[in-house]
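>
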Amino acid sequence: MLDAINEALHAEMARDDRIVVLGEDVARNGGVFRATEGLFEKFGEERVIDTPISEGVIAGSAVGLAMAGLVPVAEIQFLGFAYQAMHQIAGQVARLRYRTRSRFEPQITFRAPFGGGVRTPELHSDSLEGQLGNLPGLKVVAPATAADAKGLLAAAIRDPDPVVVLEPLRGYRGIRGEVPDGDHLVPLGSARTARPGDDVVVIAWSYQVELACRVSDRLAEEGLSVRVLDLRSIAPLDVAAIADAAEACGRVVVTEEAAQTGGFGGEVVATVVEEAFWSLEAPVVRVSGYDVPYPVGMLEERYIPDEDRIAAAVRRVLEVA
Amino acid sequence: MLDAINEALHAEMARDDRIVVLGEDVARNGGVFRATEGLFEKFGEERVIDTPISEGVIAGSAVGLAMAGLVPVAEIQFLGFAYQAMHQIAGQVARLRYRTRSRFEPQITFRAPFGGGVRTPELHSDSLEGQLGNLPGLKVVAPATAADAKGLLAAAIRDPDPVVVLEPLRGYRGIRGEVPDGDHLVPLGSARTARPGDDVVVIAWSYQVELACRVSDRLAEEGLSVRVLDLRSIAPLDVAAIADAAEACGRVVVTEEAAQTGGFGGEVVATVVEEAFWSLEAPVVRVSGYDVPYPVGMLEERYIPDEDRIAAAVRRVLEVA
Amino acid sequence: MTRPTDEQRRGMLVDMVTARVQAQRLWNLQRQGRVGTLAPIDGHEAAIVGAVHALDPDHDWVIPQYREPLALRRYGTEVLDRFLLYNIGHPAGGHLPAPLRVLPNQISLATQLPHAVGLAKGLTLQHDSGVVLVFFGDGSSSEGDFYEAGNFAGVLGVPVIFLCLNNQWAISTPTHLQTAAESFAAKAAAFGFPGVRVDGNDAGAVYDAVDTARDRARAGSGPTLIEATLYRLGAHTTADDPTRYVPPEDLEAARRDDPVDRLREELVALGLWDDAVNAEVEAEALDIFDDAFERACAMPLSDDAMLDHCLAEDTQRMARQRERLLADTGGAGG
Amino acid sequence: MTRPTDEQRRGMLVDMVTARVQAQRLWNLQRQGRVGTLAPIDGHEAAIVGAVHALDPDHDWVIPQYREPLALRRYGTEVLDRFLLYNIGHPAGGHLPAPLRVLPNQISLATQLPHAVGLAKGLTLQHDSGVVLVFFGDGSSSEGDFYEAGNFAGVLGVPVIFLCLNNQWAISTPTHLQTAAESFAAKAAAFGFPGVRVDGNDAGAVYDAVDTARDRARAGSGPTLIEATLYRLGAHTTADDPTRYVPPEDLEAARRDDPVDRLREELVALGLWDDAVNAEVEAEALDIFDDAFERACAMPLSDDAMLDHCLAEDTQRMARQRERLLADTGGAGG
Ligand SMILES: Cc1ncc(C[n+]2csc(CCOP(=O)(O)OP(=O)(O)O)c2C)c(N)n1
Ligand SMILES: Cc1ncc(C[n+]2csc(CCOP(=O)(O)OP(=O)(O)O)c2C)c(N)n1
Ligand SMILES: [Mg+2]
Ligand SMILES: [Mg+2]
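Listed below in structure tokens is the structure:
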């Protein structure tokens, strides 16, 4: 997946010379995960900027760069440190178009790794969809495949509105797969059926999609038909796709890594209820982290929903007569 | 309601000399809304501190004060500026107990006015429950009556965990009512039935409760029995009370001021579905702001759910056969 | 040292007097409930006008905090038009149309400072010779954004001028509770570029400092921090009661050094100003204001304006919200 | 000027040598996959040890960033125990039990600085004569938290010492991209208290600077910012490859000024240290380490530990989650 991201950045920067990449360690080091590898050498220090350690000014200067007509692509080294920039992301970036009535086009992209499973220190693994999903004016996408990592990032960069691209830490090296050559764009706001099926649908995004697919494959051996809907976009939310899947299956599981209460999964459940209530044959079941902060290394495997917990939830909604 | 808050602060400071009040303009000016009026004169500059304009250090120094065994009660002048402190509130305050395994007791209270209806400038009216509701370790309460404003604030200050008390701007002067004398504590995490009823329940918090009650009263004249459940606590969420109300009524409306998508209302809907699915006679309906940033003065009346919109939603869930 | 010419100083006084009387008019409208809460400009006129007179409106950008707009006449009357729309709560008040190089007010303190740095960087990347002047208050200097922006600007060496209007107060908080630093200008040491302090009641001195900083910026030598010391002569905002905390003797002393009076007296002494001119300038300022206010109040607003300009295209949900909103209001889209 | 006594310097060297060899052991464990990602201490020993030797562990607080724990031996072996628990990912690693005046590592850069200010204020309010020493890196100084904390500390005049370990790098970012300020010490001008720069490879010089700052703090004269200049001799963390960006000649030069070697040579010259002593200190350090590591690995962990210490009492939902977790793991509550 990392290669797909790096490829998208190279291609976009070559395509549009208004693009400026900025962030901590993105230039000379090529990013702590090498996502920006080679950009500095290729595009130079004017377009690939190592910033001081100030997430606030990374986000805030992106606003200014966009005002000047440039296209900033900023990295937040780990999504948990977006909190340091929340006053700019929530208060300024997301509202630039609205407060200036489109005088300025906020063509701004943020990339940030997130999610657990690789035993990182505090705040490195946190899922912030619950925070970011309630900020109108901001788009938020979360690819689950290498192809989508490329296609969503390219689409995000070209989108006239600000987009946060959430990249699964575990997927950087853990998710491999075909990536279309050349220009490849995945429209923001469109969910994807990752596995067909009609007994039950698991709605997920990011690395949870990978796990849900494995569960689907596993349960297929038992004759269960488990659809997996990969949201891909947190915002805009593909309400129609959620409605279709829920209607078709009648049974819904929603899974995410964040703490249960207030997680974005609640929004998905509410959407299912609003759109497909009469098709529901069982209560929607949420699978999620526990209602505690993302825990330390020895505990994280139990924190993150794994295949067993997702499978158990699937069985649970299927058991309802 | 403002008097109730001021009274609680006076009483608590007199009761517990570990309490320190800090924030912008809270001392010499008694707060921009006079919530902290008289504290500086009574308790002196050591215990009532005018801070520089740095929400981050207000929240961050509260962590340090708590480590020293004090009980900080910090004001964020307007909730929208909590974004400036989100790295401390979400990343530090909410996790102090967890990351130190209770070596330190995070007995920290934040007070912040929020919500619309008084034509404030940008960010002054924003509702952040969607952001704050997904931060385990943090409690969040939102009183809708003067009595609760006193009782929840006192309880928050005495609670060994960090609590954000959301005070409705419109309620400061707009909500009046009996306030019990002397010690008055409202347990955190307990919802309140603001109006009895069994045809439908409107679940709300803060100023929306006031509106929901008026709707209930209005529709009672038509013979409709509209229960109003005042959550009072966003976190901890009174799951049992939500379940009871949903089961008893079978029809549920959830109303909030924030933008629809990703708002805390989604969590409430998800909870209803998890707890009371089989009792539901109609899809749960959300009433909320629109999916845009909180707008300017001329638009805000249309943005905030008003009695008409709540009443229309109530009729809508009741129409379902 | 490039003191402004007498002609320039006269131009400044026109703008200062204009700002002063228009501010009075606006205050009255607020008291009549016709506009929302606002922050009066009184006492800040010389610093703002002096600064922007050192700029080239065709090239240089101005980023206000929120007290400045009435003093930005040099950037064209459109600024006033938009400011009045802003004050009546019309969404178009945030739209300062291109090619105006002025941003709308910033309410979230100090957040405009990182914007200024990015904008300045963007200008240099595009070989645009413009300079960015960004205003902020003494109180706003305590926000992390100020320091992060100053520090990054220093590293980048971008053409930005940080202009601190030190009016001695942040609402009720006096400067000695805001910082223990020797001055706000002294904070530039944290960023590695010059910090200078000027008398903000002296329009010419501010002009001079900004002019020097602008030359420096255009020469590629990087940012400057300027602290203009002055005194907030009015309330913090229309919602504030300064008698609760401003020592009357301090206010009295400050009034004796009113920046508008000071320049007026100087120009009168030079024979460049008199009562008749003054009356004429004031009358014209009010005419322009009243005219602009009338237009602002007549500005149409579509029933679904609330949903416009959030995203370039409505999301699925917004499209439905738009339908519902129009149904509720019985209106048609705009 | 209060240079440490020879006896004190000897004590410092013991701690420095201890840190060095324990760090090597820890690195090896990491390479074996037995502990998680960690940030090596190499090159920072003199600055950290020199600083904490000027403190009184019974009264003064130490707030680390993340490189410091192995050099905090002066605060007791419990610090090592907890640090090893932390490194294996055990939740008890964050619990430094009372009355230890040491906080756990801080990963969110600079967020510890506002904590230090609040803690110092809390101490004075409680008439506790303790002083707070807080560590942070050159890179962390760019976060708004550093400035907000410094500024507030200056206003409050609290007993806090901000100790910047300027190791020339923030991961791959060199100091000249971090700030254009003359030095990190110079940033104190923004706060209105002294900023001093010391050779961070000279344990005695750091001791001296901290001792002076501590006296100042205890006298009620407020904070001090100290910049200790040194060089990061190892990788940023076990996940980093510094050969991608550290110029080898710079690293070589820095190695020639290795702080542990420097003090060792000085004490050898004074006849206060020799190979035998060195071997003994190293052996003891490793014994203590291995013992602590064994205990850490044997530390029990209940099946529902994840849900403990989030709130003083479980919420309704947490109580259910606890039940489910215990059911899933087949375990019993702890
Ligand atoms: C981030 C943020 N925090 C708090 C406020 C509330 N507030 C509005 S104006 C003000 C004082 C600003 O003082 P200063 O920067 O000196 O500007 P002045 O009003 O004196 O011109 C405060 C605290 C705000 N608007 N934004
Ligand atoms: C708020 C925040 N942003 C980014 C990071 C990622 N990060 C971890 S260490 C580091 C460099 C820190 O440099 P410095 O403060 O100089 O300390 P050093 O590692 O050199 O000791 C960065 C950017 C973080 N942990 N926290
Ligand atoms: Mg001011
Ligand atoms: Mg460093």
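So the protein sequences, as listed, match chains A, B, C and D.
For the first sequence, the numbering used here begins at 21 and goes up steadily by one.
For the second sequence, the numbering used here begins at 21 and goes up steadily by one.
For the third sequence, the numbering used here begins at 156 and goes up steadily by one.
For the fourth sequence, the numbering used here begins at 156 and goes up steadily by one.
Cβ coordinates follow ideal geometry from the N, Cα and C atoms, glycine included.
As the structure is a prediction and not an experimental result, all values here were calculated from the model.
Do residue 290(B) and residue 304(A) have their CB atoms nearer than 9 Å?
Result yes, Cβ atoms of residue 290(B) and residue 304(A) sit closer than 9 Å.
> Among residues of its own chain, excluding the 5 on either side of residue 383(C), which ones have a beta-carbon nearer than 6 Å to its beta-carbon?
Within the same chain, residue 383(C) has close Cβ partners 202, 320, 353, 355, 361.
> Along chain C, which residues have their Cβ under 9 Å away from the Cβ of residue 87(A)?
Result: 216, 258, 270, 273, 274, 277.
> Buried or exposed for residue 284(C), going by 16 or more other Cβ atoms inside 10 Å?
Answer is exposed; the Cβ neighbour count stays below 16.
> Looking at the structure shown, is residue 296(D) part of a helix, part of a strand, or coil, going by DSSP?
DSSP places residue 296(D) in helix when its eight states are reduced to three.
> Using only the alpha-carbon positions, how far apart do residue 101(A) and residue 263(D) sit?
For residue 101(A) and residue 263(D), the distance between alpha carbons rounds to 7 Å.
> List, in order along the chain, the chain C residues whose C-beta lies closer than 8 Å to that of residue 142(B)?
The answer, in chain order, is 262, 263.
> If the cut-off is 7 Å on Cβ atoms, which residues from the segment 391 to 404 of chain C count as contacting chain B, listed in chain order?
The segment 391 to 404 of chain C vs chain B, Cβ under 7 Å: 399, 400.
> Taking Cβ-Cβ distances shorter than 7 Å, what residues in chain A pair up with residue 266(C)?
Per Cβ cutoff of 7 Å: 80, 107, 108, 111, 112.
> Locate the beta strand (DSSP E) running through residue 350(D), then write down its first and last residues.
Unbroken beta strand (DSSP E) run through residue 350(D): 350 to 354.
> In chain B, what lies closer than 9 Å to residue 209(A) by C-beta?
Under the 9 Å cutoff, chain B gives no residues; its nearest Cβ is about 12 Å from residue 209(A).
> Pick out the complete alpha helix (DSSP H) segments inside the segment 101 to 148 of chain B, 4 residues or longer, and give them in chain order.
Segments of the alpha helix (DSSP H) lying fully in the segment 101 to 148 of chain B: 106 to 109, 116 to 119.
> When we look at the beta-carbon of residue 489(D) and count the other beta-carbons within 10 Å, is it buried (16 or more) or exposed?
Any reading at residue 489(D) must be qualified, since the residue scores a pLDDT of 46, below 50, and its modelled position is unreliable; the value itself is stated next. Its Cβ having fewer than 16 others within 10 Å, residue 489(D) is exposed.
> Any idea if residue 62(A) is buried or exposed, counting beta-carbon neighbours within 10 angstroms, 16 or more meaning buried?
Counting Cβ neighbours within 10 Å, residue 62(A) comes out exposed, since fewer than 16 surround it.
> CB-CB under 7 Å to residue 425(D), same chain, minus the five flanking residues each way: which ones, in chain order?
Contacts found: 161.
> Give the DSSP-derived three-state secondary structure of residue 47(B) in the structure shown.
Reduced to three states, the DSSP call for residue 47(B) is coil.
> Which residue marks the beginning of the beta strand (DSSP E) containing residue 277(B), and which one marks its end?
Element bounds for residue 277(B): 272 to 279.
> Can you find at least 3 beta carbon pairs, one from the segment 115 to 135 of chain B and one from the segment 237 to 250 of chain D, that sit closer than 8 Å?
A contact exists between the segment 115 to 135 of chain B and the segment 237 to 250 of chain D.
> Rounded C-beta distance between residue 380(C) and residue 307(C)? I'm assuming under 8 Å.
Wrong, their Cβ atoms sit about 13 Å apart, outside the cutoff.
> Give the residues of chain B in contact with residue 450(C), contact being defined as C-beta atoms less than 7 Å apart.
The premise fails here: residue 450(C) is roughly 15 Å from chain B at the closest Cβ pair, so nothing lies under 7 Å.
> Only counting runs of 4 or more residues, tell me where the alpha helix (DSSP H) segments fall wholly within the segment 199 to 278 of chain A, in order along the chain.
Those alpha helix (DSSP H) runs which fall completely within the segment 199 to 278 of chain A and span 4+ residues are 227 to 240, 259 to 269.
> So residue 342(C) and residue 311(C) are supposed to be a Cβ contact under 8 Å. How far apart are they, rounded?
Not quite, the Cβ-Cβ distance comes to about 18 Å (not below 8 Å), so this is no contact.
> Can you confirm whether residue 310(D), when its beta carbon is compared against all beta carbons of chain C, has any partner nearer than 9 Å?
Interface residue, yes.
> Kindly identify the DSSP beta-bridge partner or partners of residue 301(A).
Answer by DSSP bridge pairing: none, since residue 301(A) is not bridged.
> Give me every residue whose Cβ sits closer than 7 Å to any heavy atom of ligand 4, in chain order.
After applying the 7 Å Cβ criterion, the set is 292(D), 293(D), 294(D), 320(D), 321(D), 322(D), 323(D), 324(D), 325(D), 387(D).
> What residues from chain D crowd round residue 326(A), counting only those whose CB sits closer than 9 Å?
Ordered by position in chain D, no residue passes the 9 Å Cβ test against residue 326(A), which lies about 10 Å from the chain.
> Mapping the DSSP letters down to three states, classify residue 259(D) as helix, strand or coil.
Coil, per DSSP.
> Within 10 Å of its beta-carbon, does residue 431(C) have 16 or more other beta-carbons around it, so buried, or fewer, so exposed?
With fewer than 16 Cβ atoms within 10 Å of its Cβ, residue 431(C) is classed as exposed.
> What does residue 120(B) reach in chain D if we use C-beta pairs closer than 7 Å?
Here the neighbours are 249, 250, 259.
> Counting C-beta neighbours from all protein chains within 10 Å, is the total for residue 175(D) 16 or more, i.e. buried, or is it exposed?
Classification for residue 175(D): buried.
> Starting from residue 246(D), find everything on chain A with Cβ-Cβ shorter than 8 Å and list it in chain order.
Result: 315, 316, 318, 319.
> To which residues does DSSP link residue 182(C) through a beta bridge?
Residue 182(C) pairs with nothing; no bridge assigned.
> Across which residues does DSSP place residue 70(B) in a beta bridge pair?
BP columns for residue 70(B) point to 43(B).
> Less than 9 Å separating the beta-carbons of residue 113(A) and residue 83(A)?
In this structure, residue 83(A) lies closer than 9 Å to residue 113(A) by Cβ.
> Residue 320(D) by DSSP, collapsed to three states: which one?
Strand, per DSSP.
> Which chain D residues sit within Cβ distance under 9 Å of residue 280(A)?
Within 9 Å Cβ-Cβ: 472, 476.
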